[in-house]
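Respectively, the protein sequence lines represent chains A and B. Using the numbering used here, the letters of the first sequence correspond one by one to residues 92 to 307. Using the numbering used here, the letters of the second sequence correspond one by one to residues 92 to 307. For each residue, glycine too, the CB sits at the ideal point set by N, CA and C. This structure is a prediction, so every number in the text was calculated from the model and none was measured. Okay, structure first, notes after.
Protein chains: 2
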Amino acid sequence: MSATRNTADTEEPTARQQAVLDAVLSLMVEEGDQLTMTAVARRASCSKETLYKWFGDRDGLLTATVRWQAARVRAGRYDRPTLDIAALHDSLKGFAATWLTVISSPTSIALNRLAIGDAASRKSNLGRIVLENGRFAIAERLRPVLEAGREAGLLAFDDSETAFRTFFGLVGRDVQIRLLLGDSLTLGRGEIERDAARATDQFLALYGRKTAAPEA
Amino acid sequence: MSATRNTADTEEPTARQQAVLDAVLSLMVEEGDQLTMTAVARRASCSKETLYKWFGDRDGLLTATVRWQAARVRAGRYDRPTLDIAALHDSLKGFAATWLTVISSPTSIALNRLAIGDAASRKSNLGRIVLENGRFAIAERLRPVLEAGREAGLLAFDDSETAFRTFFGLVGRDVQIRLLLGDSLTLGRGEIERDAARATDQFLALYGRKTAAPEA
DNA sequence: GCCGAACCGTAACGTACGGTACGGCCAATC
DNA sequence: GATTGGCCGTACCGTACGTTACGGTTCGGC
Chain A
92 MSATRNTADT
102 EEPTARQQAV
112 LDAVLSLMVE
122 EGDQLTMTAV
132 ARRASCSKET
142 LYKWFGDRDG
152 LLTATVRWQA
162 ARVRAGRYDR
172 PTLDIAALHD
182 SLKGFAATWL
192 TVISSPTSIA
202 LNRLAIGDAA
212 SRKSNLGRIV
222 LENGRFAIAE
232 RLRPVLEAGR
242 EAGLLAFDDS
252 ETAFRTFFGL
262 VGRDVQIRLL
272 LGDSLTLGRG
282 EIERDAARAT
292 DQFLALYGRK
302 TAAPEA
Chain B
92 MSATRNTADT
102 EEPTARQQAV
112 LDAVLSLMVE
122 EGDQLTMTAV
132 ARRASCSKET
142 LYKWFGDRDG
152 LLTATVRWQA
162 ARVRAGRYDR
172 PTLDIAALHD
182 SLKGFAATWL
192 TVISSPTSIA
202 LNRLAIGDAA
212 SRKSNLGRIV
222 LENGRFAIAE
232 RLRPVLEAGR
242 EAGLLAFDDS
252 ETAFRTFFGL
262 VGRDVQIRLL
272 LGDSLTLGRG
282 EIERDAARAT
292 DQFLALYGRK
302 TAAPEA
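What follows is the structure, given as structure tokens:
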């Protein structure tokens, strides 16, 4: 043991290692299928020996890659719970737009495909990691916003989890599954803005308190 | 090339061939990953030679399997467009429950995983077939219902496609992606009924005409 | 009863790929 | 300036799997 195994460690990869992981990501996006150790080594201009020394085995490399990309996405800012309806609307719309941007990005598509294929065999737990850093992470970040909205009398719901899942559905709709299955669905910046706004309006129509108590 | 190639033909597979395809499905569900030609032959009690004669190659076998399962699912009945709000509600709820049942079934999960993994490489078009017989097929079947609802003054929308996508999101929410990524999410009959009702109510809240002209 | 076709079971072949070993290069250390 | 350690490039090994080939068996038609 010992050595430089970054497999399951919480340690951050070195700059060189990050470059390798970026090579894995780019290869995943471009070639999709041909994610072989040899191809990674060639793309990253490193030897296979180094790959195995650093990441243990293929699974370790993939896990590290997923973690690395997750850390990059997670770098998003923390919204402060706000109180008036306009700020709530903006906050929700921001979440929606961010989420749509993420799930429609080539990197996310390739990564989710990989994790889903991995979930088919019961070897690794890439699926769990992706879920943890995607769907569940955004729920955790959105919950305080929703609950602050409820505190302020702007929203009405019993269970914040259920409310979140409705929002999730209104935002994502059929986008992710279509992209994963290879449908050529392009989301430009304009479409994302429009879809985010529509989803937010629909969510507020369902969960917003009618006639939000005029504070005057 | 004559012979019995059922690869891309529209012909229906023989009973024996159907048994083979069912073996593929069961193997896909149980073993997930180990979908090897040898395993299929063993499970179906047939020789590999026969597999190749009937389906051409591995890809042909997979394509035939997806088509076979699609034909089975497509056997659902055709709802007749109806006119009053109760019938519309029931129809929508029926669609929602059916869809939730399908996407949470082990067969659908395994099939979608396969098609998604296939979409990663650009060889075949299993993803297209699955989309065609899943997401797009249900849209085609639901559209007349939605438009009949609009004709009857029960629904209000500009674009039936947009309305459908909202309904799709309200029904599916995060269920499919979580299941595909290996999350242990079990949907019992009760949950499906409840979720279908909730999604339908929400959809009608968004797209239903307020105070649907009391006919008395 | 015989023939040929279809099919089963299994062995064999070629290739792709995960993992390992080794020789050479370069940079830091003494 | 020799030594040591980290790393690159590549050759190599074992295995898994798609695909093909072949001997044996069953069965319908003459």
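Top-ranked residue by Cα proximity to residue i, from the options
{"i": "Asp360 (chain B)", "options": "B:Glu103, B:Arg226, B:Val131", "result": "Any question about residue 360 (chain B) goes unanswered here, given that chain B covers just 92 to 307."}
{"i": "Leu153 (chain A)", "options": "A:Ala206, A:Gly240, A:Gly299, A:Asn224", "result": "A:Ala206"}
{"i": "Glu238 (chain A)", "options": "A:Gly279, A:Gly299, A:Ala210", "result": "A:Gly299"}
{"i": "Leu271 (chain A)", "options": "A:Ser195, A:Leu116, A:Ala187", "result": "A:Ser195"}
{"i": "Ala254 (chain B)", "options": "A:Ala254, A:Thr105, A:Ala247, A:Arg264", "result": "A:Arg264"}
{"i": "Leu50 (chain B)", "options": "B:Gln160, B:Met119, B:Leu179, B:Leu116", "result": "Only positions 92 to 307 of chain B appear in the structure, and residue 50 (chain B) is not among them; the question remains open."}
{"i": "Ala290 (chain B)", "options": "B:Asp181, B:Ala110, B:Lys139, B:Asp274", "result": "B:Asp181"}
{"i": "Gly185 (chain A)", "options": "A:Phe258, A:Thr105, A:Ile268, A:Ala296", "result": "A:Phe258"}
{"i": "Ala243 (chain A)", "options": "A:Leu174, A:Val157, A:Trp145, A:Tyr143", "result": "A:Leu174"}
{"i": "Glu106 (chain A)", "options": "A:Ser138, A:Trp159, A:Arg133", "result": "One detail in the question is off: residue 106 (chain A) reads as Ala in this sequence, not Glu. Out of A:Ser138, A:Trp159, A:Arg133, A:Trp159 has the C-alpha closest to the C-alpha of Ala106 (chain A)."}
{"i": "Ala208 (chain B)", "options": "B:Ala287, B:Asp150, B:Gly240, B:Ala155", "result": "One point to set straight first is that residue 208 (chain B) is Gly, not Ala, in the sequence displayed. The option with the nearest alpha carbon to Gly208 (chain B) is B:Asp150."}
{"i": "Gln108 (chain B)", "options": "B:Ile220, B:Leu261, B:Asp250, B:Arg134", "result": "B:Arg134"}
{"i": "Gln267 (chain B)", "options": "B:Val193, B:Val111, B:Ile176, B:Trp145", "result": "B:Val193"}
{"i": "Val82 (chain A)", "options": "A:Ala161, A:Leu112, A:Ala155", "result": "Given that chain A is displayed from residue 92 to residue 307, the structure contains no residue 82 (chain A) and the question cannot be resolved."}
{"i": "Leu276 (chain B)", "options": "B:Ile200, B:Ala211, B:Gly260", "result": "B:Ile200"}
{"i": "Thr141 (chain A)", "options": "A:Leu116, A:Val111, A:Thr189", "result": "A:Val111"}
{"i": "Ser117 (chain A)", "options": "A:Ala188, A:Thr156, A:Trp145", "result": "A:Thr156"}
{"i": "Ala56 (chain A)", "options": "B:Asp274, B:Ala288, B:Ser138", "result": "The shown model of chain A, from 92 to 307, leaves out residue 56 (chain A), and the question about it has no answer."}
{"i": "Ser124 (chain B)", "options": "B:Leu202, B:Ala228, B:Leu278", "result": "Correcting the residue identity first, residue 124 (chain B) is Asp in this sequence and not Ser. Asp124 (chain B) has its Cα closest to that of B:Leu202, out of B:Leu202, B:Ala228, B:Leu278."}
{"i": "Tyr269 (chain B)", "options": "A:Phe227, A:Glu121, A:Ser138, A:Met119", "result": "The question names Tyr, but residue 269 (chain B) is Arg in the sequence shown. Minimum Cα distance to Arg269 (chain B) is reached at A:Phe227."}
{"i": "Thr189 (chain A)", "options": "A:Ala288, A:Arg219, A:Ala177", "result": "A:Ala288"}
{"i": "Cys137 (chain B)", "options": "B:Ala187, B:Leu278, B:Ala114, B:Ile229", "result": "B:Ala114"}
{"i": "Asn224 (chain A)", "options": "A:Leu295, A:Val164, A:Ala296, A:Asp249", "result": "A:Val164"}
{"i": "Glu103 (chain B)", "options": "B:Val120, B:Phe146, B:Glu121", "result": "B:Phe146"}
{"i": "Phe248 (chain B)", "options": "B:Met119, B:Leu297, B:Lys139", "result": "B:Leu297"}
{"i": "Leu295 (chain B)", "options": "B:Arg219, B:Glu252, B:Ala177", "result": "B:Ala177"}
{"i": "Leu278 (chain B)", "options": "B:Leu191, B:Arg241, B:Arg219", "result": "B:Leu191"}
{"i": "Thr336 (chain B)", "options": "B:Glu122, B:Asp286, B:Asp292", "result": "The question about residue 336 (chain B) has no answer, for chain B in this structure spans 92 to 307."}
{"i": "Arg204 (chain A)", "options": "A:Val120, A:Gln293, A:Thr129", "result": "A:Val120"}
{"i": "Gly240 (chain B)", "options": "B:Thr129, B:Leu183, B:Thr127", "result": "B:Leu183"}
DSSP-derived helix/strand/coil call for residue i
{"i": "Gly299 (chain B)", "result": "strand"}
{"i": "Gly279 (chain B)", "result": "coil"}
{"i": "Glu284 (chain B)", "result": "helix"}
{"i": "Thr198 (chain B)", "result": "helix"}
{"i": "Leu179 (chain B)", "result": "helix"}
{"i": "Asp274 (chain B)", "result": "coil"}
{"i": "Arg96 (chain A)", "result": "For Arg96 (chain A), the pLDDT reaches just 45, beneath the cut-off of 50, and the residue's location in the model is therefore unreliable, leaving the point undetermined."}
{"i": "Thr105 (chain A)", "result": "coil"}
{"i": "Ala290 (chain A)", "result": "helix"}
{"i": "Leu191 (chain B)", "result": "helix"}
Contact test: residue i Cβ vs the ligand FAD heavy atom, cutoff 7 Å
{"i": "Ser138 (chain A)", "result": "This structure lacks the ligand FAD, and indeed carries no ligand of any kind."}
Which ranges does the alpha helix (DSSP H) cover as unbroken runs of at least 4 residues, wholly within the region 203-266 of chain A, from first to last along the chain?
-> Residue ranges of uninterrupted alpha helix (DSSP H) with 4 or more members, entirely inside the region 203-266 of chain A and ordered along the chain, are 217-224, 226-242, 251-263.
Against chain B: residues of the region 169-194 of chain A by CB proximity under 7 Å | Answer set for the region 169-194 of chain A: empty.
Residues from the region 261-278 of chain A in contact with chain B, defined by Cβ distance under 8 Å = Flagged, chain order: Leu261, Val262, Gly263, Arg264, Asp265, Gln267, Ile268, Arg269, Leu271, Leu272, Gly273, Asp274.
Give the residues from the region 103-134 of chain B that approach chain A closer than 7 Å (Cβ to any Cβ), ordered along the chain.
-> When C-beta distances to chain A are compared with 7 Å, the residues of the region 103-134 of chain B below that value are Gly123, Asp124, in chain order.
Runs of alpha helix (DSSP H) lying entirely within the region 108-164 of chain A, each at least 4 residues, in chain order | Runs found: 128-135, 139-146, 149-164.
Three or more C-beta pairs closer than 8 Å, one from the region 207-218 of chain A and one from the region 278-287 of chain A: is that the case here?
-> Under the three-pair Cβ rule at 8 Å, the region 207-218 of chain A does not count as touching the region 278-287 of chain A.
May I ask you to verify whether the region 219-239 of chain A touches the region 230-246 of chain B, counting CB pairs closer than 8 Å and requiring at least 3?
-> With a cut-off of 8 Å on Cβ pairs, the region 219-239 of chain A is not in contact with the region 230-246 of chain B, counting fewer than three such pairs.
Note down, in chain order, all residues in the region 219-235 of chain A with a beta-carbon under 7 Å from any beta-carbon belonging to chain B.
-> Only those residues of the region 219-235 of chain A whose C-beta falls short of 7 Å from the nearest C-beta of chain B are listed: Arg219, Val221, Leu222, Arg226.
Name, going along the chain, the residues of the region 240-259 of chain A whose beta-carbon falls closer than 8 Å to a beta-carbon of chain B.
-> Taking 8 Å as the Cβ-Cβ cut-off against chain B, the residues of the region 240-259 of chain A that qualify are Arg256, Thr257, Phe259.
Return the residues of the region 140-164 of chain B that lie within a Cβ-Cβ distance of less than 7 Å from chain A, sorted by chain order.
-> Of all residues in the region 140-164 of chain B, none has a C-beta nearer than 7 Å to a C-beta of chain A.
May I ask you to list, following chain order, the residues of the region 281-305 of chain B that have a beta carbon less than 9 Å from some beta carbon of chain A?
-> Within the region 281-305 of chain B, the qualifying residues are Arg289, Ala290, Gln293, Ala296, Leu297.
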